[in-house]
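Below is one structure; the comments refer to it alone.
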Amino acid sequence: MSGFLTYCLQRFTPVLLLLAGVNAVNGQSQHFVHIPAGDYTLGKKGYINNPLRTVHTNGFDIAATELTNAEFEKFVQATGYVTDAERNKSGQVFTPGLREFRWLQDSTACWRYPNGISRGGIENKMNHPVATISYRDAIAYCEWAGVRLPTLDEWEIASRAGASTTYFWGNDMPPLSTYANIWHGRDHLQADSSDGYMYTAPVASFKPNPWGLYDIYGNVFEYCEGHLPTDKAGSRLVHARGGSWWCSKNACGFFNSVDIGSVKRGASFSNLGFRVVKK
Amino acid sequence: MKYLMFVAAILGCLRLSAQEEPPEWKNPSKSSLAYAEYRRKLTVPPYGLAKVKALIDKIPYKEDDSSPMENKDYLPLSLREKFTYHMIHAEISAQNCDVRPPIQDEDKKIFGQMADGMEESVWSDRQSKFLISNRDSVMALIKESVNRSKRMGANYKMAIVEINGREMIPFIIETYNKDQKDRDLLTLLMLLMKNNEYNPFMVSQSYRKLYGDNADYQSYIDYNKGNEDLIIKRATDYYNTIRK
Numbered sequence: 001m002s003g004f005l006t007y008c009l010q011r012f013t014p015v016l017l018l019l020a021g022v023n024a025v026n027g028q029s030q031h032f033v034h035i036p037a038g039d040y041t042l043g044k045k046g047y048i049n050n051p052l053r054t055v056h057t058n059g060f061d062i063a064a065t066e067l068t069n070a071e072f073e074k075f076v077q078a079t080g081y082v083t084d085a086e087r088n089k090s091g092q093v094f095t096p097g098l099r100e101f102r103w104l105q106d107s108t109a110c111w112r113y114p115n116g117i118s119r120g121g122i123e124n125k126m127n128h129p130v131a132t133i134s135y136r137d138a139i140a141y142c143e144w145a146g147v148r149l150p151t152l153d154e155w156e157i158a159s160r161a162g163a164s165t166t167y168f169w170g171n172d173m174p175p176l177s178t179y180a181n182i183w184h185g186r187d188h189l190q191a192d193s194s195d196g197y198m199y200t201a202p203v204a205s206f207k208p209n210p211w212g213l214y215d216i217y218g219n220v221f222e223y224c225e226g227h228l229p230t231d232k233a234g235s236r237l238v239h240a241r242g243g244s245w246w247c248s249k250n251a252c253g254f255f256n257s258v259d260i261g262s263v264k265r266g267a268s269f270s271n272l273g274f275r276v277v278k279k
Numbered sequence: 001m002k003y004l005m006f007v008a009a010i011l012g013c014l015r016l017s018a019q020e021e022p023p024e025w026k027n028p029s030k031s032s033l034a035y036a037e038y039r040r041k042l043t044v045p046p047y048g049l050a051k052v053k054a055l056i057d058k059i060p061y062k063e064d065d066s067s068p069m070e071n072k073d074y075l076p077l078s079l080r081e082k083f084t085y086h087m088i089h090a091e092i093s094a095q096n097c098d099v100r101p102p103i104q105d106e107d108k109k110i111f112g113q114m115a116d117g118m119e120e121s122v123w124s125d126r127q128s129k130f131l132i133s134n135r136d137s138v139m140a141l142i143k144e145s146v147n148r149s150k151r152m153g154a155n156y157k158m159a160i161v162e163i164n165g166r167e168m169i170p171f172i173i174e175t176y177n178k179d180q181k182d183r184d185l186l187t188l189l190m191l192l193m194k195n196n197e198y199n200p201f202m203v204s205q206s207y208r209k210l211y212g213d214n215a216d217y218q219s220y221i222d223y224n225k226g227n228e229d230l231i232i233k234r235a236t237d238y239y240n241t242i243r244k
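Chains A and B, in that order, give the protein sequences.
Position one of the first sequence corresponds to residue 1 (full-length UniProt numbering), numbered consecutively onward.
Position one of the second sequence corresponds to residue 1 (full-length UniProt numbering), numbered consecutively onward.
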């Protein structure tokens, strides 16, 4: 009997989690995963910006998915908020053909047109993660919605799902395409849609981690709160984790539970978004 | 037989576990950290420096942290002053994963990519266009400045890549040979060969290791006399093909 129960749990839990995620998206409401209180191993041995250590959390609830365009639109409709990219006309976008790490500044780019008007809007992408927003925009959303960004440590605890390896499944990269929307091309000179998406994918399009978090690697980098040991005093840099649709194994490789990116707090790239934590 | 299979299975699991262990990481040595700082240093051009710095200080702070100089200040600058401005002030934000974490044994490696001295900023479109459309002057100014300061900062090396300054190969080798300290000059030579698709380099083992399918932005070859000589010889051979 217990064997049958175990079989059912193993067989159907991922399906139930997947359905929960999809329902949350369709319902335009956030589905949260509870991370239990406890001590967790984070970082990597000798890694200056993320040293191996044990941290304690009292537990928190983190969104199962990245925040979608639909959810961000509710905020904008309710408040009339204007994002940094809209005000400063400073959105940074990508188009195939650019050299590695090169982006274009596009005055038409903003969350409604993440890669500029000429590359299309979000009308049919309301279940994609919101992007081309700055850290400041993410904070404004959080204040309105009564939520907050995860800390760097909380993000890592959630992403690891109990593992102490570079990825939540181990230290080898290959299973990545099952779990993450990333760039599979050798460079960014040619378009790459080999996983079905060149830019963002609808949230929860890929398999979740064992704790039910979708797109924890890839899709969009996720803003977090906190500083790094190498941040200079008074630095206004902010940090985002998890890699993005732009990231490839050859040119970024930040789609893991160890690396932490740095970006200016007003920058609005089309591969930067966020997920929230309950206050 | 079953016992042997069981032992084989256990050994297989142990082997898998061993493979999953990440490579041992150690804190970078003092010499590695010192070299990391050295290779990220910019060269500050002397041309109208005080005037350009004063204008940069005047740039209004913007919430998006991008900080282009306004046209009314930028356009009247002379070519040399504009060069100074671009070399010390990149106008737009760099991507989140552009800045790499600290590397160990940095001083013992020749990387496929040069250190980025601008860190969280990159040249804007107008800055890149200036460098490319004035490439002859840019190359002349870099030579003049390097001869004065005796070193070629990360910004100058980045500018040479930006303008595809392959005519500078002999000068880059000459600069390297002064103290043979800045291995990013060897990287610069390789980037010029790669970007111009110089076939003998494209089919080499170094190319595969540094720019092949499994390479990333921290790929490197060991710094040793053999590799150093080979890079310089290949770059010289390449230069001889383009000057004909």
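Cβ coordinates follow ideal geometry from the N, Cα and C atoms, glycine included.
Taking all protein chains shown into account, decide if Lys225 of chain B is buried (16 or more other Cβ within 10 angstroms of its Cβ) or exposed. By the 16-neighbour rule on beta-carbons within 10 angstroms, Lys225 of chain B is exposed.
Write down the C-beta distance between Ile172 of chain B and Leu191 of chain B rounded to the nearest angstrom, noting that I regard them as a contact closer than 8 Å. Rounded, the Cβ-Cβ distance is 11 Å, inconsistent with contact.
Residue-level contact to chain B via CB, Ser262 of chain A, 8 Å cutoff: For Ser262 of chain A, the answer is yes, since a Cβ of chain B falls inside 8 Å of its Cβ.
Would you report the Cα separation of Arg183 of chain B and Lys194 of chain B, rounded to the nearest angstrom? Going from the Cα of Arg183 of chain B to the Cα of Lys194 of chain B covers about 17 Å.
From A:Arg160, A:Pro96 and A:Pro150, pick the residue whose C-alpha is nearest to that of Asn227 of chain A; which is it? Contrary to the premise, residue 227 of chain A reads as His rather than Asn in this sequence. The shortest C-alpha separation from His227 of chain A is found at A:Pro150.
Exposed or buried, Asn177 of chain B, counting other C-beta atoms within 10 Å across all chains shown (16 or more means buried)? Taking a 10 Å sphere around the C-beta of Asn177 of chain B, we find fewer than 16 other C-beta atoms and assign the residue as exposed.
Pro170 of chain B in three-state terms, based on DSSP: Residue state, collapsed to three classes: helix.
Within this structure, are the beta carbons of Gly261 of chain A and Arg241 of chain A separated by less than 8 Å? In this structure, Arg241 of chain A lies closer than 8 Å to Gly261 of chain A by Cβ.
Looking only at its own chain, which residues have a Cβ that is under 8 Å from the Cβ of Gly120 of chain A, when we skip the five neighbours before and after it? So the list reads Tyr113, once near-sequence residues are dropped.
Please name the residue or residues paired with Ala63 of chain A in a DSSP beta bridge. A:Phe32, per the DSSP bridge assignment.
Give me the Cα-Cα distance between Pro76 of chain B and Phe274 of chain A, rounded to the nearest whole angstrom. Pro76 of chain B and Phe274 of chain A have their alpha carbons spaced roughly 42 Å apart.
Do we get a CB-CB distance below 8 Å when we pair Pro22 of chain B with the residues of chain A? Confidence is the limiting factor: at Pro22 of chain B the pLDDT is only 47, short of 50, which leaves the residue's position unreliable, though a coordinate-based value still follows. True, the Cβ-Cβ gap to chain A drops below 8 Å.
Check whether the region 122 to 133 of chain A touches the region 196 to 209 of chain A, taking contact to mean three or more Cβ pairs, one atom from each stretch, closer than 8 Å. Touching, yes, given that three or more Cβ pairs across the two stretches are closer than 8 Å.
Between B:Trp123, B:Gly153, B:Gln218 and B:Met152, which has its C-alpha nearest Ser67 of chain B's C-alpha? Residue B:Trp123 is the option with its Cα nearest to Ser67 of chain B.
Leu42 of chain A Cβ short of 7 Å to the ligand GTP heavy atom set: With respect to small molecules bound, the structure shown includes none, and the ligand GTP cannot be examined in it.
Apart from the five residues on each side of it in sequence, which residues of its chain come closer than 6 Å, Cβ to Cβ, to Phe75 of chain A? Excluding sequence neighbours, Phe75 of chain A sits near Tyr141 and Trp144.
My guess is that Thr83 of chain A and Asp137 of chain A are in contact by the Cβ rule of under 8 Å, so how many angstroms apart are they, rounded? Rounded to whole angstroms, the Cβ separation of Thr83 of chain A and Asp137 of chain A is 5 Å, and the two are in contact under 8 Å.
Endpoints, the alpha helix (DSSP H) within which Phe201 of chain B is located: In the DSSP annotation of this structure, the continuous segment of the alpha helix (DSSP H) that includes Phe201 of chain B starts and ends at Asn199 to Met202.
Could you work out which residue in A:Leu98, A:Asn124, A:Ser159 and A:Lys44 is closest to Pro208 of chain A when comparing CA atoms only? Cα-wise, what sits closest to Pro208 of chain A is A:Ser159.
Any idea if Ala235 of chain B is buried or exposed, counting beta-carbon neighbours within 10 angstroms, 16 or more meaning buried? Residue environment analysis places Ala235 of chain B among the buried positions, since at least 16 neighbouring C-beta atoms fall within 10 angstroms of its C-beta.
Among A:Lys264, A:Lys278 and A:Lys279, which residue has its Cα nearest to the Cα of residue 314 of chain A? Nothing about residue 314 of chain A can be reported from this structure: the residues present for chain A run from 1 to 279 only.
Selection of the region 143 to 167 of chain A by Cβ proximity to chain B, strictly under 8 Å: Hits within the stretch, in order: Thr165 and Thr166.
Chain A contact for Glu120 of chain B (CB, 8 Å cutoff): Residue-level contact check: Glu120 of chain B touches chain A, since one or more beta carbons of chain A fall below 8 Å from its beta carbon.
Tell me, which residues are paired with Cys224 of chain A by DSSP? Per DSSP, A:His239.
Among A:Thr57, A:Glu66, A:Cys110 and A:Gly38, the one whose alpha carbon lies nearest that of Ile216 of chain A: Comparing Cα-Cα distances from Ile216 of chain A to each of A:Thr57, A:Glu66, A:Cys110 and A:Gly38, the minimum goes to A:Glu66.
Does the region 101 to 116 of chain B come close enough to the region 33 to 41 of chain B that 3 or more CB-CB pairs lie under 8 Å? With a cut-off of 8 Å, the region 101 to 116 of chain B and the region 33 to 41 of chain B count as touching, because enough Cβ pairs lie within range.
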